[in-house]
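Presented below is the structure to which this report refers.
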Amino acid sequence: MEATRAEKARLGIFIIALCAAFFVSIAFLVGMRLAVKTDLYFTRLEESVTGLESGSTVKQNGVDIGKVVSITTDSGDVQKSIVKFRVTHGTPMKSDMTASLGSYGITGLKYLEITGGSYGASNVAPGGEVRSSLSMIGRFTLRADSIAIKVDRLLGNAIAITETQNREHLNHLMESSASLAASLDSLTRDIQGVRPGRHVAKILDATESAVEELRGKIHRADIDGTLKEYRQTAQAAQKAVQTLDATARRTQEDLGTALISLKEALKNMEVFTRQIRDNPSLLLRGEDKQERRR
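Count along the sequence shown from 1, add 150, and you get the number used in my numbering.
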């Protein structure tokens with residue numbers, strides 16, 4: 151059964167209407183896309199941009215604000231990559247904001263994250279550069295390299311300390327430290343044996359004898375004149391005793407302070423000796439720091 155002319159006409163009209171609707175939809179979508187105003191910026195990243203592609207999302211504190219436009223190598227520094235991106239017109243881009251890479255978990259896909267910034271800072275003009283910073287993975291990789299260098303150096307020091315000559319020096323140092331600790335211990339015991347109060351006791355005994363002699367004189371001679379002389383002598387003796395007592399106290403305090411300092415020095419030396427005996431690599435670390443300062 152052949153189609154009639156009317157059926158063919160209706161089919162043609164339907165196809166034309168369908169094509170017209172398709173082109174109108176395309177034009178509408180393109181118009182909507184062109185109607186959205188965006189601003190172009192760029193940043194220089196100092197780490198690998200693997201996983202970041204054209205069309206990747208640009209986020210600001212977790213909010214989608216634009217798309218990555220292109221990724222190229224910096225002709226001025228081959229270790230950096232220039233990432234151009236567009237953000238919605240009106241999105242604030244401050245001079246103290248930084249751009250870094252973010253990651254979508256274990257997928258390996260990355261996005262550009264804009265963080266920081268304050269409203270008091272100046273705006274970055276469209277087409278300008280936004281400062282960059284290392285991502286968390288980049289910082290971890292940098293620290294891992296530093297740790298690997300330090301571990302390699304530590305292993306070298308451990309190998310060096312096992313040599314016969316270095317072991318002899320270490321043993322000599324430990325013996326010298328033990329001898330010094332013993333000397334400090336002996337000096338501490340000698341200081342503890344000092345009793346400055348004995349001299350004060352002798353002075354007090356002599357003063358007491360003088361007072362007894364004055365009492366006898368009062369009974370034998372003129373009471374009034376002798377009493378006056380006694381009072382003067384007693385006052386002078388009291389001042390002398392007070393002065394001597396203050397001197398003795400200062401002496402005891404000074405000796406006590408010296409004793410405490412020596413005890414602390416002895417304890418520190420014992421701790422130092424024990425640490426060197428348990429962990430000889432501490433000496434090599436000290437030598438390594440001195441070489442760096444030179």
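The C-beta atom is built at its ideal place from N, Cα and C for all residues, glycine as well.
Since the model is a prediction, treat every value here as computed from it, not as a measurement.
Per DSSP, the continuous beta strand (DSSP E) segment holding Gly-252 begins and ends at 247-253. By the CB criterion at 7 Å, Val-280 and Tyr-191 fall inside the cutoff. Contact between Val-233 and Ile-215 does not hold, since their C-beta atoms are separated by about 14 Å, which reaches or exceeds 8 Å.
For Ile-256, no beta strand (DSSP E) run applies, since DSSP gives it neither H nor E. Following the DSSP letters along the chain, one finds Lys-217 inside the beta strand (DSSP E) bounded by residues 213-223. C-alpha of Leu-305 to C-alpha of Ala-271: approximately 49 Å in a straight line.
Taking all protein chains in view, the Cβ of Glu-203 is surrounded by fewer than 16 other Cβ atoms within 10 Å, so the residue is classified as exposed. Within the model, the alpha-carbon separation for Gly-267 versus Met-243 is close to 8 Å. Taking the C-beta atoms as reference points, His-239 is found no nearer than 7 Å to Thr-193.
Counting other Cβ atoms within 10 Å of its Cβ, Met-286 stays below 16 and is therefore classed as exposed. In the DSSP assignment, the residues bridged to Tyr-191 are Phe-235.
Secondary structure in the segment 262-315: the alpha helix (DSSP H) runs of 4 residues or longer, each lying completely within the stretch, are 286-311 in chain order.
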